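Peer 1: I'd like to ask some things about the structure below.
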Amino acid sequence: YGLNFSHREIRNQGKALIVEGATGLIQMYQQGIENVVAPCGTALTENQVDLLNKRAQNPEKILLFDGDNAGLNNAHRVSMDLLGQDMKVGVIPLGFDPDEFLRKFGRKEFDQVILDSKSSLSFLVGRLSEGKTMGSEDKIRIAKEFRPAFTRMPENIIGVYTTELSDLLGFSRGDLEKIL
């Protein structure tokens, strides 16, 4: 939603902010942030990301979902489903959606959330490691969570993600490949 209005600004900035809904998109657009889009419905799909890449010339893509459990869970699901699409996740503080955060704290703090955004893989490892001691068994379980995503990933990019995941979990690349 909104790509017809925002694709030029996304292309100019080289960055697309992806929010959860049309209301958030409209409110952010009214506050001067014009490089923003939203999925139609509840899920961001691979087809929508492909369209965004085509219309806006492969911009950096940053998910900015609501800072509540539902928003974090949605960011988790989308990040896992679309792992390999080179996306980042900006974490909005608990209790705010992106446009509320922007109104309350201003553009400087909002821009900092964007600057602090993490790769999808880093975001996912952080979520999956919450409450864990991160011993070797926890790390192996977390690595196994990525099997389906790595199986779907194109062969030409799997090495980049394998290297990043091995760095995040502290495995050698060879050991991680055995787990995956």
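In terms of the working numbering, the sequence shown opens at residue 36 and continues consecutively.
Built from N, CA and C at the ideal position, the CB exists for glycine as well.
Fair warning: this is a prediction, and the values are worked out from it, not measured in the lab.
Would a C-beta distance cut-off of 8 Å place Ser-114 and Asn-70 closer than the cut-off?
Peer 2: In this structure, Asn-70 does not lie closer than 8 Å to Ser-114 by Cβ.
Peer 1: Residue range of the beta strand (DSSP E) that Glu-95 falls in?
Peer 2: From DSSP, the beta strand (DSSP E) with Glu-95 extends over 95-98.
Peer 1: Distance check for Gly-125 and Pro-94, CA to CA, integer angstroms please.
Peer 2: So the alpha carbons of these two residues sit roughly 15 Å apart.
Peer 1: Can you tell me whether Lys-123 is helix, strand or coil according to DSSP?
Peer 2: Strand.
Peer 1: Straight-line CA distance for Val-195 to Leu-204?
Peer 2: About 14 Å.
Peer 1: So what does Val-148 bridge to, in DSSP terms?
Peer 2: Its beta-bridge partners do not exist; DSSP assigns none.
Peer 1: Comparing alpha-carbon positions, which option in Gln-147, Gly-59, Leu-211, Met-122 lies nearest Arg-176?
Peer 2: Per the Cα distances, Leu-211.
Peer 1: Ordered along the chain, which non-local residues of its own chain (more than five positions away) have a Cβ less than 6 Å from that of Cys-75?
Peer 2: Closer than 6 Å at Cβ, skipping near neighbours: Tyr-36.
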